[in-house]
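Residue numbers (the numbering used here): 116 to 448. Beta carbons: idealized from backbone N, C-alpha and C, even for Gly.
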Ligand code: TXA
Ligand code: MG
């Protein structure tokens, strides 16, 4: 069934009232679902961290319905940021800018910068306009889990603990926004997303890739992020079927996320062919990881994706998920 992408007046009133009361509200964006709270209300922000199990030093993104309110949150909007906002908002881009005085430490993690985004999902737009202020929202998953791309994923993560969940159907893109920092005269890609480095460069010229040595903290760059619960291993395309077959032959249940169907048939292997198109692959990635988590496998084998930049966002999330499987640094939830 295709879900409505617009909320009813009653749903909207309930969600806005919850935000005004200092409660959290889960809502859809075109990337992933967010767990939102009034960005000006410290106790409400605290609830986000408690629910997610996320350290308060990890900053949140402030969501606005329109870029004309950007100056309320950023004390300075460099020309490059202005151009990126004009070109990509509303859309899957987050800008990190010098913060305005009013921005709370719980939003910025105590840093001097703030992350801001104008989402394109009609229901997110409805909520932000009706609320009339900034909504701070991380992805609506527990710390370290994969992001939710459907309302039922949010319920799976939080159950009754999150009372208001706006259901806007499946997220159109399925991977988190591209994050770009415009600080100290440079433009830097902090998290790859659907907007590629070439697209950013065509808008503003020079863009550095990856965090600077004196980088602001981004929890997305913690090794254990975007992880399914089952250990995940990246495997070259030519080896994946043999490895799956061998592990399965030793009696283990194995999950496979590949880009083609299997050649043989294996009783203890759950094989998902996610295809060769980067946009469709990215759209389905988190749903597939959740499905494979539920398959009761002891190990997930994921076929390595191509090197070209259209796969940057997917490759980044898979690398983090694989690293999480080996994490011993307490990052896992
Ligand atoms: O697509 C998205 O960006 C989704 C939807 C809900 O908007 N949100 C999302 O939020 O992915 P979250 O919290 O899961 O990831 C936000 C990332 C984190 O890696 C955080 O560290 C980074 O944004 N961030 C926030 N404020 C920052 C800042 N001041 N400097 C650097 N990174 C920042
Ligand atoms: Mg997240």
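Terminal residues of the alpha helix (DSSP H) in which residue i lies
i, result
"residue 210", "Careful: residue 210 lies outside any alpha helix (DSSP H), inside the beta strand (DSSP E) at 208–213."
"residue 348", "Segment 347–350 is the beta strand (DSSP E) holding residue 348; no alpha helix (DSSP H) there."
"residue 273", "266–273"
"residue 312", "312–319"
"residue 177", "Where residue 177 is concerned, there is no enclosing alpha helix (DSSP H), although the beta strand (DSSP E) it sits in stretches over 176–178."
"residue 288", "Counting along the chain, residue 288 falls outside any alpha helix (DSSP H), and DSSP gives it neither H nor E."
"residue 152", "Where residue 152 is concerned, there is no enclosing alpha helix (DSSP H), although the beta strand (DSSP E) it sits in stretches over 149–153."
"residue 246", "237–246"
Backbone CA spacing between residue i and residue j [nearest angstrom]
i, j, result
"residue 242", "residue 407", "33 Å"
"residue 265", "residue 271", "10 Å"
"residue 387", "residue 430", "17 Å"
"residue 372", "residue 187", "44 Å"
"residue 134", "residue 354", "50 Å"
"residue 366", "residue 347", "18 Å"
"residue 480", "residue 403", "The question about residue 480 has no answer here: the residues shown for the chain are numbered 116 through 448."
"residue 384", "residue 410", "9 Å"
"residue 179", "residue 203", "14 Å"
"residue 153", "residue 232", "15 Å"
"residue 334", "residue 319", "Caution is warranted here: a pLDDT of 48 is assigned to residue 334, below 50, making its placement in the model unreliable, and the coordinate value is therefore given only provisionally. Using only the alpha carbons, I get a separation of about 26 Å."
"residue 392", "residue 425", "9 Å"
"residue 269", "residue 277", "8 Å"
"residue 193", "residue 363", "55 Å"
"residue 183", "residue 351", "46 Å"
"residue 432", "residue 252", "19 Å"
"residue 229", "residue 292", "15 Å"
"residue 302", "residue 296", "6 Å"
"residue 130", "residue 138", "9 Å"
"residue 123", "residue 321", "44 Å"
Among the options, the one whose alpha carbon lies nearest that of residue i
i, options, result
"residue 349", "138, 366 and 420", "420"
"residue 368", "415, 199 and 138", "415"
"residue 170", "435, 140 and 225", "225"
"residue 394", "427, 413 and 376", "427"
"residue 223", "123, 146 and 177", "177"
"residue 237", "417, 219 and 205", "205"
"residue 125", "257, 281 and 209", "281"
"residue 147", "380, 309 and 255", "255"
"residue 434", "208, 306 and 318", "306"
"residue 216", "227, 344 and 138", "227"
"residue 325", "235, 121, 294 and 362", "294"
"residue 359", "297, 182 and 380", "380"
"residue 405", "323, 351 and 436", "436"
With 16 other Cβ atoms within 10 Å as the buried cut-off, status of residue i
i, result
"residue 71", "Look at the range of the chain in this structure, 116 to 448, and you will see that residue 71 is not part of it."
"residue 299", "exposed"
"residue 136", "exposed"
"residue 339", "At residue 339, the pLDDT of 46 sits below 50, so the modelled position is not reliable and the matter cannot be decided from this model."
"residue 337", "Because the pLDDT of residue 337 is 49, which lies under 50, any placement of that residue in the model is unreliable, and the number read from its coordinates should be weighed accordingly. So residue 337 ends up on the buried side."
"residue 165", "exposed"
"residue 289", "buried"
"residue 423", "exposed"
"residue 64", "In the structure displayed, the chain extends from 116 to 448; residue 64 sits before or after that span and is not available."
"residue 121", "exposed"
"residue 128", "exposed"
"residue 315", "buried"
"residue 145", "buried"
"residue 249", "buried"
Residue interval of the beta strand (DSSP E) (run including residue i)
i, result
"residue 232", "228–232"
"residue 301", "301–306"
"residue 412", "That residue, residue 412, is in no beta strand (DSSP E); it is neither H nor E in DSSP."
"residue 385", "384–388"
"residue 372", "369–373"
"residue 293", "293–298"
"residue 140", "140–142"
Any residues whose CB sits closer than 6 Å to a heavy atom of the ligand MG? List them in chain order?
Those residues are 253, 254 and 262, given in chain order.
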